[in-house]
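*Asks:* Chains as they are written, first to last, in this note's numbering: chain A, 74 to 419; chain B, 74 to 419. In this text, a Cβ means the ideal position worked out from N, Cα and C, and glycines have one as well. To start, I am sharing the structure in question, which I have written as structure tokens.
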DNA sequence: TTGTATGCGTTATCAC
DNA sequence: GTGATAACGCATACAA
């Protein structure tokens, strides 16, 4: 009984040594051929390739990674993919990575931060793209144990400790609000994620809500915040009921700025149920420009991020960082574009 | 100058041996502690854990994988994630895998089949879930080199060479068509992916279109197939224009069955633009029950797959197969449910 | 309960 | 251009 033969289950995989023996060369030579190394005679290269093909040999990436320290894996930290925005982001990232022969390891942000750090440590991945830790980024950076691990952030925030792509919604949001003001709208409210009781908490968000507040103050208007519950389920009847309650109790604003398109969709449904006409009685704008927005009747306005560009840039930054760890900090600001549709037209 | 110290770039990672030395034990003991092995004295366990924590030690999964042959990685082969159906599928799979400590490696089906096979071979992953090779499954199975690698399919088709979850749309689709017939609709057409010139090619699809054809024949109705171009972009103005052309040229059917919800959305837009009233003049049903369907005015009917259930089952099958490679073939059929909304109500 | 020897499949390094 | 040797970091098998 030969030892180490694993006769119990399936056969051993064919290794580089097997190929070497069959081809009458050394493992090193096979290795060189598999990596496309130049200094091998055409004769041996051809033979090795032929034999490897016949034996159905595949390089064991695990073993290679152990010695080279490079895995060809990029970890992507994202929010739940049932949110179309993040699904689209991951989609474009995947296309970028695949074009360079990398594969993606998907990680959700609802794991413990320590667990996230752990999953990406110890040369298990060549780099990290963080696209969904808004609000917990500082905490995450603090817990990172391997500072040298390449890491790029995609975020509405900007910060000084890491490479990042910043998405700046301020110009587009300002433009939308100005459109409403120009159209003579008097009562412009913001619908964001928060609670109806303490809607002002949402202003702690560095990004969109504060832009709204600034614009309101600049125009001398009253700030009106409508908070809807955060919800893992995209489809939330409770949200719609809450919105209808709000509009029935407080009357309806004549301009509504929504944190993102799903909320805009819920608002649309609530308004439609109550018989309000868009845009005659209420103007409406969302954010992210999800595909369905333009199909609604009337077509709903939104703010479109150039996702392909964002992801290409993030991947470029990460590749640069991998190639040159000591590169100075890289950053870029992307400015999304307001898509004006009927819901914003006077 | 000490050899192997890599002074050029960052310091070496702390290994199991470093921890062992610092804790005054052997590497083996540290290994046992890290794996939660029972037969270690509480004293040493505690000390090792403390030291490991202080030294910020993390198990190198690559090295572990090399010797155990298990990576904790599951490959998932899917269509592009900008399609909400697949994004939702991946979402639920991710939740399942993460709950068991596995991570997901994302692979897109538009790579070469050989490339897919290659990426999952050689013990690089513990198992595979295939969720988007419809129509190329046979070819994929033929090219698999490592038959023993656990692999589960999620598919509208059923087959005998591998474990699978089959999604059977026939009952729900039949129900929708019967609703239209009962409502007195005379001209019921199917809108699928194909070409306007050769729409009958879509009947080659084993699933939904053939169900439609069967029901039409059973009812003695004429089969009317409307083909829209396949499109990587979800948002396709060309499709809408083509649909409007079709309806203007041929008149509009009074019942429309759509291959999936995006097509239903495009049809909705085309009908709305042309002034047709839903459901009075045209009844409409889609497939996949994407979240926006119920928000459209009027709310659009669809067919809802129980995605959480599907993914839980697929993951269960895969785990079973991993644990017992010689298990008999596993299969299950899931029956989605028709969501009747205003677009189907007489 | 703990330690010793050995191998997992590959590549880096230095010879030849 | 090719080969020999020694790691990479960890776990299995067995001994103590």
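When the Cα atoms are used, what is the spatial distance from residue 83/A to residue 221/B?
*Replies:* Low local confidence applies: a pLDDT of 42 at residue 83/A is under 50, so the model's placement there is unreliable, and no value is given.
*Asks:* Helix, strand or coil, according to DSSP, for residue 126/A in the structure here?
*Replies:* helix
*Asks:* Go to residue 298/A, then tell me how far its beta strand (DSSP E) extends in each direction, as first and last residue.
*Replies:* 297-301
*Asks:* Beta-carbon separation of residue 332/B and residue 257/B under 8 Å?
*Replies:* no
*Asks:* Could you say which of 288/A, 246/A, 406/A, 382/A lies nearest to residue 412/A if we only look at CA atoms?
*Replies:* The residue from 288/A, 246/A, 406/A, 382/A with its alpha-carbon nearest to that of residue 412/A is 246/A.
*Asks:* Contact between the segment 403-410 of chain A and the segment 188-195 of chain A is defined here as three or more beta-carbon pairs at a separation below 8 Å; is this criterion met?
*Replies:* Because the criterion of three Cβ pairs below 8 Å is not met, the segment 403-410 of chain A and the segment 188-195 of chain A do not touch.
*Asks:* If I measure Cβ to Cβ from residue 339/A and keep anything under 8 Å in the same chain, skipping five residues before and after, which residues do I get?
*Replies:* Cβ neighbours of residue 339/A beyond the five flanking positions: 301, 309, 312, 313, 316.
*Asks:* Please list, in chain order, the residues of the segment 151-167 of chain A that have any C-beta partner in chain B closer than 7 Å.
*Replies:* 153, 154, 155, 157, 160, 161, 163, 164, 167
*Asks:* Which one of 135/B, 303/B, 152/B, 299/B has the shortest CA to CA distance from residue 261/B?
*Replies:* 299/B
*Asks:* Quick one: give me the first and last residue of the beta strand (DSSP E) that residue 140/B is part of.
*Replies:* That residue, residue 140/B, is in no beta strand (DSSP E); its alpha helix (DSSP H) goes 134-141.
*Asks:* Taking contact to mean 3 or more Cβ pairs, one atom from each stretch, closer than 8 Å, check whether the segment 139-158 of chain A and the segment 201-215 of chain A are in contact.
*Replies:* Because the criterion of three Cβ pairs below 8 Å is met, the segment 139-158 of chain A and the segment 201-215 of chain A touch.
*Asks:* Check the DSSP bridge columns for residue 239/A and list the partner residues they point to.
*Replies:* 228/A, 406/A
*Asks:* Using a Cβ cut-off of 8 Å (strictly closer), state whether residue 185/A contacts chain B.
*Replies:* no
*Asks:* Is DSSP giving residue 93/B helix, strand or coil here?
*Replies:* In the three-state scheme derived from DSSP, where H, G and I count as helix and E and B as strand, residue 93/B is classed as helix.
*Asks:* Does the pairing of the segment 334-350 of chain A with the segment 236-253 of chain A give three or more beta-carbon distances under 8 Å?
*Replies:* no
*Asks:* Starting from residue 180/B, trace the beta strand (DSSP E) both ways and give me its first and last residue.
*Replies:* 176-181
*Asks:* Can you tell me whether DSSP reads residue 329/A as helix, strand or coil?
*Replies:* strand
*Asks:* Who are the near neighbours of residue 173/A in its chain, counting only those whose CB is closer than 6 Å to its CB and skipping five residues on each side?
*Replies:* none
*Asks:* Applying the 10 Å Cβ sphere with the 16-neighbour rule, what's the burial state of residue 399/A?
*Replies:* exposed
*Asks:* Compare the C-beta of residue 415/B against all C-beta atoms of chain A and say whether one is closer than 8 Å.
*Replies:* no
*Asks:* Flag residue 181/B as yes if its beta-carbon sits less than 8 Å from any beta-carbon of chain A, otherwise no.
*Replies:* yes
*Asks:* Under a three-way DSSP split, which group does residue 110/A fall into?
*Replies:* DSSP, reduced to helix, strand and coil, places residue 110/A outside both helices and strands of the structure shown, so it counts as coil.
*Asks:* Which of the three DSSP states is assigned to residue 221/B in this structure?
*Replies:* Residue state, collapsed to three classes: coil.
*Asks:* Residue 101/B versus chain A: which residues are under 8 Å apart at the beta carbon?
*Replies:* None at all; the shortest Cβ gap to chain A is about 19 Å.
*Asks:* Grouping DSSP H, G and I as helix and E and B as strand, with all else coil, what is residue 198/B?
*Replies:* coil
*Asks:* Could you check whether the Cβ of residue 350/A sits closer than 8 Å to any Cβ belonging to chain B?
*Replies:* no
*Asks:* Restricting to Cα atoms, I'd like to know which of 183/A, 165/A, 170/A is closest to residue 171/B.
*Replies:* 183/A
*Asks:* For a contact meaning CB atoms closer than 7 Å, what does residue 354/A contact in chain B?
*Replies:* Residues of chain B passing the Cβ test: none, with the nearest at roughly 15 Å.
*Asks:* Which value, in whole angstroms, describes the spacing of the CA atoms of residue 420/A and residue 344/B?
*Replies:* Nothing in the structure corresponds to residue 420/A, since chain A is present only between 74 and 419.
*Asks:* Look at the Cβ atom of residue 384/B, then the Cβ atom of residue 214/B, and state whether they are nearer than 8 Å.
*Replies:* no
*Asks:* Alpha carbons only, please: which of 154/B, 388/B, 283/B is nearest the one belonging to residue 434/B?
*Replies:* Residue coverage of chain B in this structure runs from 74 to 419, which leaves residue 434/B outside it and unanswerable.
*Asks:* Distance cutoff 8 Å, beta carbons only. Does residue 194/A sit that close to anything in chain B?
*Replies:* It does; some Cβ of chain B falls within 8 Å.
*Asks:* Consider the Cβ of residue 90/A: report whether some Cβ of chain B lies at a distance smaller than 8 Å.
*Replies:* no
*Asks:* Figure out for me which residue from 165/B, 366/B, 394/B has the closest Cα to the Cα of residue 416/B.
*Replies:* Comparing Cα-Cα distances from residue 416/B to each of 165/B, 366/B, 394/B, the minimum goes to 366/B.
*Asks:* Quick check on DSSP: helix, strand or coil for residue 88/B?
*Replies:* Reduced to three states, the DSSP call for residue 88/B is coil.
*Asks:* Report buried or exposed for residue 135/A, applying the criterion of at least 16 other Cβ atoms within 10 angstroms of its Cβ.
*Replies:* buried
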